[in-house]
Amino acid sequence: MVEKTVFSGFPKEGSCLLRGSDKISSEVNLRVPVPPKCKFSTSFGKTDFIESSIKWQNGCRFPGAYSDQTLNAKVVHVGEASKSELIRKPKRYLDILLPENDPISLDTLEALDAGDSFYFLFRNPQTEVNIILDRLDIDSDSANKELWFHPSNIASDLPNSPTSLSEALPFIPNPCSANYLLSFCLDIRRSPSRPLLRALAECTDDPKEQRRLLELCSVQGGSEFTEFIRTAGISLADLLLAFPNCRPPLARLAELVPRLLPRAYTVCNYKSQWPNRLKFVYSLLETHPAENGLHFSRFGICSGWLNQLQIGDTVNVVLKEPSKFRLPPFSALLHKVDDIVELPLIMVGPGTGVAPFIAFLEKIKAELKSKGVKGHRVKRILLYGSSNLEKEFLFRDEINSFVDDGIVTDLILCESRPAAGEQNNASFKPKYVYDGLKSIGREMAEWMISDSLLFACGDVKAMSKGLWACLADILKEHQGYSPAEAMDVLKCLRQEERLIEDVWS
961 MVEKTVFSGF
971 PKEGSCLLRG
981 SDKISSEVNL
991 RVPVPPKCKF
1001 STSFGKTDFI
1011 ESSIKWQNGC
1021 RFPGAYSDQT
1031 LNAKVVHVGE
1041 ASKSELIRKP
1051 KRYLDILLPE
1061 NDPISLDTLE
1071 ALDAGDSFYF
1081 LFRNPQTEVN
1091 IILDRLDIDS
1101 DSANKELWFH
1111 PSNIASDLPN
1121 SPTSLSEALP
1131 FIPNPCSANY
1141 LLSFCLDIRR
1151 SPSRPLLRAL
1161 AECTDDPKEQ
1171 RRLLELCSVQ
1181 GGSEFTEFIR
1191 TAGISLADLL
1201 LAFPNCRPPL
1211 ARLAELVPRL
1221 LPRAYTVCNY
1231 KSQWPNRLKF
1241 VYSLLETHPA
1251 ENGLHFSRFG
1261 ICSGWLNQLQ
1271 IGDTVNVVLK
1281 EPSKFRLPPF
1291 SALLHKVDDI
1301 VELPLIMVGP
1311 GTGVAPFIAF
1321 LEKIKAELKS
1331 KGVKGHRVKR
1341 ILLYGSSNLE
1351 KEFLFRDEIN
1361 SFVDDGIVTD
1371 LILCESRPAA
1381 GEQNNASFKP
1391 KYVYDGLKSI
1401 GREMAEWMIS
1411 DSLLFACGDV
1421 KAMSKGLWAC
1431 LADILKEHQG
1441 YSPAEAMDVL
1451 KCLRQEERLI
1461 EDVWS
């Protein structure tokens, strides 16, 4: 039932996921949280659960959704965006087609604007689901039988205790199945929390396992919890493989593992050109087994699912509620110019962060065409960064076309790992987008105190902090501001929505 994993084992010496430091191992008074009360129990029925009989996650709306109605879209294109397997985070294109003449689709497209995103409703990898089912001694036949939740006797004695699953966990159908619960309802890739570890300590009959789980959720074990659980990215499947005698009831997992939430991806085209077709780009980062406790290779929980899609597949999507990352922003009235054709723009988009700017520029192109205006009237600067532009240049043709048409007046390409020999030739480029900004520092300083809009988007964890430090340095060097004054200017720009960021990790 379980696919073979490749894991070399834990280190033989020193602390690790399975073994605490000498200090915590000798601690006789561990301060651990009280184990969470179990509010539900489960039982298996004799009838197979029919997945198609219910809506995704019981039809329960999730935070950030524009609507509680999902759209069934068809995959019409998948493609590689990176030319080399040597790219650490290769990119892929994905196009989907929304149904035509559908009321929900028409309403969604009416609300959609450049910069918006869609949530993709996905399932957990079956391999990981199977690992958990195996650790819980649930065979393949039982895994697909109806699974019923019942309030426990303990729950009836607790104040304000929910009387039904629909009240406590409305996103879990009752009945469902063990397979459905782990595939569609619970975020089994999320690193286990301290309350979950505390509950799992009660679910093993091995004294060593119980002790170690208690250490990891204790006050004294805070640093080891961070190092061996959170930072290591341990999943529920990893943990159950590491502690083979731990067999928690499904009800405990349902109560303590977070809800599986859809992931949002930005649309990188504008509806004027492609009314029903939505284009996306995403990154793939593969993590391999390691001594820290990762038992199997994995991609991101949603990107790995996206990577398996093929032309003709159906996907469920929901428009995300609009954010500030739109053109123009919702606060356009605060600006002296609210016509997007007249707005000076600086767009900073390393990697997949360039996606919304393709939609921005397509929208500007459509507006210019409708007004009969040429593209060179205002400055529109695009900074795009890649590790190697020869191996990976997202939307190369589209960006070059925007430059040729005058939609983009200045294109600054940044390259962190160019091919050998390119560093010394005339085509040498700034290394990072921050270097690109500093290369036009004087102009940037003037634009920041004028009416320009600065958008920054990227999948770099420290991007926001680095961007602010870069912009502050520019203001200090070219406007003579003190560090405090420079930060005040940037805070004002953000408050006025003239500096707008969309950064994720």
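When we follow our numbering, the leftmost residue of the sequence shown carries the number 961, and every step to the right adds one. Ideal Cβ placement from N, Cα and C applies to all residues, glycine included.
Closest residue to residue i among the options (Cα-Cα distance)
i: I1460; options: N1252, W1428, D1395; result: W1428
i: E1456; options: K1284, V1301, L1328, K1351; result: K1284
i: A1103; options: A1128, S1143, P1111, T1068; result: S1143
i: V992; options: G1272, L1343, L1450, C1177; result: C1177
i: I1064; options: G1345, V1278, K1239; result: V1278
i: R1223; options: S1183, D1147, R1258, E1070; result: D1147
i: S1013; options: Y1140, C998, A1033; result: Y1140
i: S1376; options: G1366, F1388, D1370, S1112; result: F1388
i: C1374; options: G980, A1128, S1346, E1358; result: S1346
i: K997; options: P1111, K1051, T1312, W1464; result: P1111
i: T1030; options: L1058, L1201, D1008, K1051; result: L1058
i: E1106; options: D1462, E1281, P1282, G1005; result: G1005
i: T1087; options: W1407, N1360, S1442, L1201; result: L1201
i: A1033; options: A1211, N1061, L1431; result: N1061
i: E1246; options: D1067, G1264, Q1233; result: G1264
i: E1302; options: P1282, S1442, E1327, T1312; result: E1327
i: L1221; options: D1067, F1022, Y1394, M1423; result: F1022
i: R1190; options: C1145, S1151, R1340, F1362; result: S1151
i: Y1079; options: V1338, G1024, L1343; result: G1024
i: K1049; options: A1432, V1463, D1419; result: D1419
i: A1250; options: I1409, T1369, D1198; result: D1198
i: D1364; options: K1398, N1134, L1321, I1300; result: L1321
i: S1027; options: L1066, A1432, V1333; result: L1066
Segment limits, alpha helix (DSSP H) that includes residue i
i: E1088; result: 1086–1095
i: V960; result: Absent from the structure is residue 960, since the part of the chain shown begins at 961 and ends at 1465.
i: W1016; result: Counting along the chain, W1016 falls outside any alpha helix (DSSP H), and DSSP gives it neither H nor E.
i: N1267; result: 1263–1267
i: A1033; result: Segment 1031–1040 is the beta strand (DSSP E) holding A1033; no alpha helix (DSSP H) there.
i: S1065; result: 1063–1071
i: R1286; result: Run containing R1286: none; DSSP gives neither H nor E here.
i: R1402; result: 1401–1408
i: G985; result: Rather than Gly, the amino acid found at residue 985 in this sequence is Ser. Note, S985: alpha helix (DSSP H), 982–985.
i: R1454; result: 1443–1455
i: S1243; result: Unbroken run through S1243 is the beta strand (DSSP E), 1237–1243; no alpha helix (DSSP H).
i: L1129; result: Counting along the chain, L1129 falls outside any alpha helix (DSSP H), and DSSP gives it neither H nor E.
Opening and closing residue of the beta strand (DSSP E) in which residue i lies
i: F901; result: The structure shown does not extend to residue 901, since the chain spans only 961 to 1465, so no value can be given for it.
i: N1229; result: Counting along the chain, N1229 falls outside any beta strand (DSSP E), and DSSP gives it neither H nor E.
i: C1417; result: 1413–1418
i: H911; result: The shown model of the chain, from 961 to 1465, leaves out residue 911, and the question about it has no answer.
i: F1362; result: Counting along the chain, F1362 falls outside any beta strand (DSSP E), though it belongs to the alpha helix (DSSP H) covering 1356–1364.
i: Y1344; result: 1340–1346
i: W1108; result: 1105–1111
i: E1461; result: 1459–1463
i: S1077; result: 1077–1081
i: C1374; result: 1370–1375
i: L1057; result: 1051–1057
i: L1046; result: It is not in any beta strand (DSSP E) - L1046 carries neither H nor E in the DSSP assignment.
Cβ separation of residue i and residue j, assumed to be a contact under 8 Å, to the nearest whole Å
i: Y1053; j: V1035; result: Not confirmed; about 11 Å, so no contact.
i: I1367; j: K1331; result: Rounded, the Cβ-Cβ distance is 13 Å, inconsistent with contact.
i: P1316; j: C1417; result: 6 Å
i: F1000; j: E1215; result: 7 Å
i: G1253; j: L977; result: 4 Å
i: P995; j: R1154; result: With a Cβ gap of about 11 Å, P995 and R1154 do not count as contacting.
i: C1163; j: P1208; result: 4 Å
i: I1359; j: L1343; result: Actually they do not touch by this definition, with Cβ atoms about 11 Å apart.
i: G1182; j: G980; result: Rounded, the Cβ-Cβ distance is 12 Å, inconsistent with contact.
i: P932; j: L1069; result: Because the chain spans 961 through 1465 in this model, residue 932 falls outside it and cannot be assessed.
i: S975; j: E1184; result: 6 Å
i: E1187; j: L990; result: At roughly 17 Å, the Cβ-Cβ gap does not stay under 8 Å, so E1187 and L990 are not in contact.
i: A1132; j: N1267; result: It should be pointed out that residue 1132 corresponds to Ile in this sequence rather than to Ala. Going by Cβ atoms, the distance from I1132 to N1267 rounds to 27 Å, so no, they are not a contact pair.
Any chance the segment 1224–1233 sits against the segment 1064–1079, with 3 or more Cβ pairs inside 8 Å?
-> They touch, by the three-pair rule.
At what residue ranges does the segment 1146–1225 contain a whole run of the alpha helix (DSSP H), taking only runs of 4 or more?
-> Counting whole runs of 4 or more residues, the segment 1146–1225 contains the alpha helix (DSSP H) stretches 1154–1161, 1167–1177, 1182–1185, 1196–1202, 1210–1216.
Is there contact here, the segment 1229–1238 with the segment 1086–1093, by at least three beta-carbon pairs under 8 Å?
-> Touching, no, given that fewer than three Cβ pairs across the two stretches are closer than 8 Å.
Would you call the segment 1302–1310 and the segment 1262–1276 in contact, with 3 or more CB pairs under 8 Å?
-> Touching, no, given that fewer than three Cβ pairs across the two stretches are closer than 8 Å.
Given 8 Å, three or more beta-carbon pairs between the segment 1250–1265 and the segment 999–1014 | Of all C-beta pairs linking the segment 1250–1265 to the segment 999–1014, fewer than three are shorter than 8 Å, placing the two stretches out of contact.
Validate contact between the segment 1344–1362 and the segment 1033–1045 using beta carbons, cut 8 Å, 3 pairs = The segment 1033–1045 and the segment 1344–1362 touch, with three or more beta-carbon pairs separated by less than 8 Å.
Cβ contact (3+ pairs, closer than 8 Å) linking the segment 1162–1173 and the segment 1235–1246 | At 8 Å Cβ cutoff, the stretches do not touch.
Report the residue ranges of all alpha helix (DSSP H) runs contained in full by the segment 1308–1336; include only those spanning at least 4 residues, in chain order.
-> Whole alpha helix (DSSP H) segments, 4+ residues: 1315–1331.
Given 8 Å as the limit, is there contact between the segment 1395–1415 and the segment 1432–1442, that is, 3 or more CB pairs closer than that?
-> Enough Cβ pairs lie closer than 8 Å, so yes.
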